[in-house]
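S.K.: To get this note's numbering, take the position in the sequence shown, counting from 1, and add 18. Virtual Cβ for every residue (Gly too), placed ideally from N, Cα, C. Please read through the structure below; I'll follow up with questions.
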Amino acid sequence: MEGGIKKKNSIGCQNTTLSWYYCNSRETGLYYLNSRYYDPSIGRFINADDISYIQPTDINGLNLFAYCYNNPIMYVDPTGQFIISLLLTLGTLALSGIAVGIVGQLASDLVTSVMVGEFVFSSWEDYLGSAIGGAIGGMLSLIPGFGYAAAVIGGTIGTFAGLAIDKATGSNNMSWADIGIQTGISMGVNIVAGLFTAYLRIPGITKGSHSFTQVWKSGVTRLFKYGHTMHLKTAAKGFVSSLVSNFSESFLVGACLQGIIKALYILRNLEKVKS
């Protein structure tokens, strides 16, 4: 090493194409990362990211010379923009999952209320649990062909989280064994719900070669395979398609089925009281 730059006869200099699509310039000693240059002698990029990537609310969001949120051990950024695109993708799915979780809990309560004949609404803890389950399920739906499983996992986690939060806040006195049983029932219900919604498709949104879902999948493929940037328009289409995807349909049907079960349980207890 001379001045922090590899000698011309070193292996690193002879092999100009490095991991994660980085290229080493023999003439300048700089690394080209597809969108900007890195100088290993000073440990800094010599040019900044585009100002459109500024995120004032993030601790590293104002540093346009940063790389992988200053954590290259945990993250990779083939284009200099990958980590931002990845977070945008996960955030889109988590946000849509939260919406699906809350709407699912509301739908469950409405079904129960109609069957019982009076307003029956769950606690805020249950809604929070559904939001947590929806967010996790939404992010898991990023895995190709995992929409059905994501709904089962998200719905099950939502039930467990809601009951656990209820117990932690003192809203109920259920034992952990009972919580486990209820969680198991929830898993079974969500599995059945997935079978009903496995083939539901909406033309232009979740069905068709140019549907929102296909555009979203194409964007995700380019992101992970080639490190391309996820555009906001593509993310928006992903958000819309995820609201009516196999994941969300299964989640919502599962929530309604649980609303029916809850109503039957309430009606059964009312009959016992009357008798």
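Classify L282 as buried or exposed, calling it buried when 16 or more other Cβ atoms lie within 10 Å of its own Cβ.
M.R.: exposed
S.K.: From what residue to what residue does the alpha helix (DSSP H) around L158 run?
M.R.: 142-158
S.K.: Our contact map puts G147 next to G180 with C-beta atoms below 8 Å; I'd like the distance itself, whole angstroms only.
M.R.: 3 Å
S.K.: Taking a contact to mean a Cβ-Cβ separation below 8 Å, would you say I294 touches V138 in this structure?
M.R.: Outside the shown range of the chain, which is 19 to 293, sits residue 294, and nothing can be said about it.
S.K.: Is it buried or exposed, A273, if we count other Cβ atoms within 10 angstroms and call 16 or more buried?
M.R.: Classification for A273: buried.
S.K.: Which residues in the same chain as D57 place their Cβ atom closer than 6 Å to its Cβ, once the five residues preceding and following it in sequence are excluded?
M.R.: L48, I64
S.K.: According to the Cβ coordinates, are L275 and V210 closer than 8 Å?
M.R.: yes
S.K.: Among the residues of its own chain, which have a CB less than 8 Å from the CB of S126, if the five just before and after it don't count?
M.R.: S140, A273, C274, Q276, G277, K280
S.K.: Short of 7 Å in beta carbon distance, which residues of its chain neighbour M43, apart from the five on each side in sequence? Order them along the chain.
M.R.: At residue 43 the sequence reads Ser, which differs from the Met that was named. Around S43: Y50.
S.K.: Once the 5 residues before and after M133 are set aside, which same chain residues still bring their CB inside 6 Å of it?
M.R.: A281
S.K.: Looking only at DSSP bridge pairs, what is Y49 linked to?
M.R.: N42, Y56
S.K.: Under 8 Å, do G115 and G152 count as touching if we go by C-beta distance?
M.R.: yes
S.K.: Using DSSP with H/G/I as helix, E/B as strand and the rest coil, what is L275?
M.R.: The answer is helix: DSSP assigns L275 an H, G or I state.
S.K.: Under 8 Å, do S268 and Y166 count as touching if we go by C-beta distance?
M.R.: Yes.
S.K.: Mind checking who F63 pairs with in its DSSP beta bridge?
M.R.: Y56
S.K.: Is G119 buried or exposed, if buried means 16 or more other CB atoms sit within 10 Å of its CB?
M.R.: buried
S.K.: Please state whether the Cβ-Cβ distance between G109 and I150 is less than 8 Å.
M.R.: no
S.K.: Using a Cβ-Cβ cut-off of 8 Å (strictly less than) and excluding sequence neighbours within five positions of N191, which residues of its own chain qualify?
M.R.: Exclusion of the five residues before and after N191 leaves K185 as the residues of its chain whose Cβ lies within less than 8 Å of its Cβ.
S.K.: Assuming contact is defined by CB atoms lying nearer than 8 Å, are I183 and E143 in contact in what I supplied?
M.R.: yes
S.K.: For K160, which residues of its own chain have a beta-carbon under 6 Å away from its beta-carbon, when the five flanking residues on both sides are left out?
M.R.: For the record, residue 160 in the displayed sequence is Leu; it is not Lys. L111.
S.K.: For F83, which three-state DSSP category applies?
M.R.: coil
S.K.: Please classify V138: does DSSP put it in a helix, a strand, or coil?
M.R.: coil
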